[in-house]
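Colleague: My numbering puts the first residue of the sequence shown at 93, with every later residue one more than the last. I have a structure here, written as structure tokens, and I will follow up with some questions on it.
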Amino acid sequence: MDTARYKAFLAAAKTGSFSGAALEMDYTTSAVSQLIAALEEELQVPLFHRSRTGVRLTTNGERLYLPILGLVRQEERIYEISAEISGLLTGEILISAYPSICATWLPSLIGEFRKRYPSIHIRIDDSIRQHVVDALKEEKADIGFLSNQHDFSGEFFLLDQNPIVAVVSKNSPYNSLGYFPLKECEVAPLIQSSYGKDKDLDGIYSKYHLHPNITFETRNSYTAAAMVANDMGVLLVNELSTHVWDMDVNVLPLDPPQSISLGMVISPTAVSSPAVKAFASFVKENFKRAESRYSEC
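Here's what the structure looks like:
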């Protein structure tokens, strides 16, 4: 199958330049430019706005992005299934997940999986929840690891009921209580570790009719924890995140206790991939063992 033109299109859209696409594909910049020009001629539409600073998709290019991505992914599935039939499982798995999950659960799971399937390549993208959901919806991820807020399609497999905790400074008055009263969300300065909406917390605020006093926002919970250590506020976050910090802070339970469902989502467009099925099955079979091994570290 000759899908080089489509792959050049996707690489240029991803990197924002023909030279970046060339590096990713191990082609020359001229070759990438020719491939995209040939694709534009075939489709009879301009796909990119070109400038000295790079390229960006035209409106037509944006409309064609997902169909072209789907075509390339289907080609990959054909080769994966062919390899499975031949007895050699190959392919690529794209994973999007919370940073906390990437730093705790995934290393041991992927390490063991690769021992069994060394020909399967895995790419990991760690980000905030909305990015993970968008990656699943836009077919940029085969598997997502996130909380289940029922705002995506695909099979969800529960891995853990993880508590929401309050991260406070060593000087915080809440330390003497030994817990963080949830109603204090309306009083204490809160540091939110995701821009805009945080669905893991919004449902809790709504349930108790709270209007949180969000004072600072950042994309990274590690940065938020550093701000807490400097007496800038309180951070509410899943307990798993606190395992990967080395911060001079205290972690308190909430009153009343709250938790979120963390697990694995398989994109509907990836369920036919032998590589994705193999990894999903491996996670389901081996998660508890990997979790306990991490907890002992």
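Note that CB positions come from ideal geometry on N, CA and C, so glycine has one too.
Measure the beta-carbon distance from Ile-352 to Ser-239 and round it to whole angstroms, keeping in mind my assumption that it falls under 8 Å.
Modeller: The Cβ separation is near 4 Å, so the contact holds.
Colleague: Between which two residues does the beta strand (DSSP E) harbouring Ser-122 extend?
Modeller: From DSSP, Ser-122 is part of no beta strand (DSSP E) but of the alpha helix (DSSP H) over 121-135.
Colleague: Could you check which residue in Ser-219, His-242, Gln-241 has the C-alpha nearest to that of Ala-233?
Modeller: Ranking Ser-219, His-242, Gln-241 by Cα distance to Ala-233 puts Ser-219 first.
Colleague: Can the beta-carbon of Asn-330 be found closer than 8 Å to that of Ile-235?
Modeller: Contact flag unset, no.
Colleague: Taking C-alpha atoms, which residue in Leu-328, Ser-200, Ser-268, Ser-286 lies nearest to Arg-311?
Modeller: That would be Ser-286, whose Cα lies nearest to the Cα of Arg-311.
Colleague: Over the uninterrupted beta strand (DSSP E) stretch that includes Arg-221, give me the two end residues.
Modeller: Looking at the DSSP string, Arg-221 is not in any beta strand (DSSP E); the run it does join, the alpha helix (DSSP H), is 221-229.
Colleague: Between the alpha carbons of Phe-371 and Asn-267, how many angstroms are there, rounded?
Modeller: Approximately 42 Å, taken between the alpha carbons.
Colleague: I'd like to check one pair, Glu-231 with Arg-165: are the Cβ atoms closer than 8 Å?
Modeller: Yes, the pair counts as a contact, with Cβ atoms nearer than the cut-off.
Colleague: What three-state label does DSSP hand Thr-310 in the structure shown?
Modeller: DSSP places Thr-310 in coil when its eight states are reduced to three.
Colleague: Taking only runs of the beta strand (DSSP E) that begin and end inside the region 155-224, which ones reach a length of at least 3 residues, in chain order?
Modeller: As far as the region 155-224 is concerned, its whole beta strand (DSSP E) runs of at least 3 residues are 183-189, 212-218.
Colleague: Give me the residue from Gly-162, Arg-97, Glu-167, Glu-116 with the minimum Cα distance to Glu-134.
Modeller: Ranking the options by Cα distance to Glu-134, first place goes to Arg-97.
Colleague: Measuring CA to CA, which of Phe-205, Met-319, Leu-127 is closest to Gln-284?
Modeller: Minimum Cα distance to Gln-284 is reached at Met-319.
Colleague: What distance in whole Å lies between the Cβ atoms of Val-368 and Ile-185, which are believed to be in contact at a cut-off of 8 Å?
Modeller: So it is a contact: roughly 6 Å between Cβ atoms.
Colleague: Answer with buried or exposed for Lys-275, where buried requires no fewer than 16 other C-beta atoms within 10 angstroms of its C-beta.
Modeller: Classification for Lys-275: exposed.
Colleague: Is there at least one non-hydrogen atom of the ligand NAP closer than 7 Å to the beta-carbon of Ser-143?
Modeller: Of ligands this structure carries none, so the ligand NAP is not represented either.
Colleague: Please state the DSSP three-state secondary structure of His-303.
Modeller: Here His-303 sits in coil by DSSP.
Colleague: Got a sec, what are the start and stop residues for the alpha helix (DSSP H) Ala-112 sits in?
Modeller: Before going on, a small fix: residue 112 reads as Gly here, not Ala. Gly-112 -> alpha helix (DSSP H) spans 110-117.
Colleague: Is His-141 helix, strand or coil when you go by DSSP?
Modeller: Reduced to three states, the DSSP call for His-141 is strand.
Colleague: Within 10 angstroms of the Cβ of Val-363, are there 16 or more other Cβ atoms? Answer buried if so, exposed if not.
Modeller: Per the 10 Å Cβ criterion, exposed.
Colleague: May I ask you to report which of helix, strand or coil DSSP gives Leu-102?
Modeller: Correct three-state label for Leu-102: helix.
Colleague: Does any residue of chain B bring its CB to less than 8 Å from the CB of Leu-228?
Modeller: The displayed structure is made up of one protein chain only, and chain B is not part of it.
Colleague: Which residue wins for smallest C-alpha separation from Glu-247, given the options Ser-111, Gly-355, Ser-313, Tyr-119?
Modeller: Here the closest residue by C-alpha is Gly-355.
Colleague: Between Val-225 and Pro-210, what straight-line distance do the alpha-carbon atoms span, to the nearest angstrom?
Modeller: Between Val-225 and Pro-210, the C-alpha separation is close to 28 Å.
Colleague: Assuming Ala-100 and Val-124 are in contact, meaning their beta carbons sit under 8 Å apart, how far apart are those beta carbons, in whole angstroms?
Modeller: Contact holds; Cβ gap of about 5 Å.
Colleague: Going by DSSP in three states, Phe-248 sits in which element: helix, strand or coil?
Modeller: DSSP places Phe-248 in strand when its eight states are reduced to three.
Colleague: Quick check on the burial criterion: 16 or more other C-beta atoms within 10 angstroms. Buried or exposed for Ala-130?
Modeller: So Ala-130 counts as exposed.
Colleague: I'd like to confirm the pairing. Which residues does DSSP put opposite Leu-344 in its beta bridges?
Modeller: Beta-bridge pairing links Leu-344 to Ala-258.
Colleague: Rounded C-beta distance between Phe-272 and Leu-344? I'm assuming under 8 Å.
Modeller: Correct: roughly 5 Å between the Cβ atoms.
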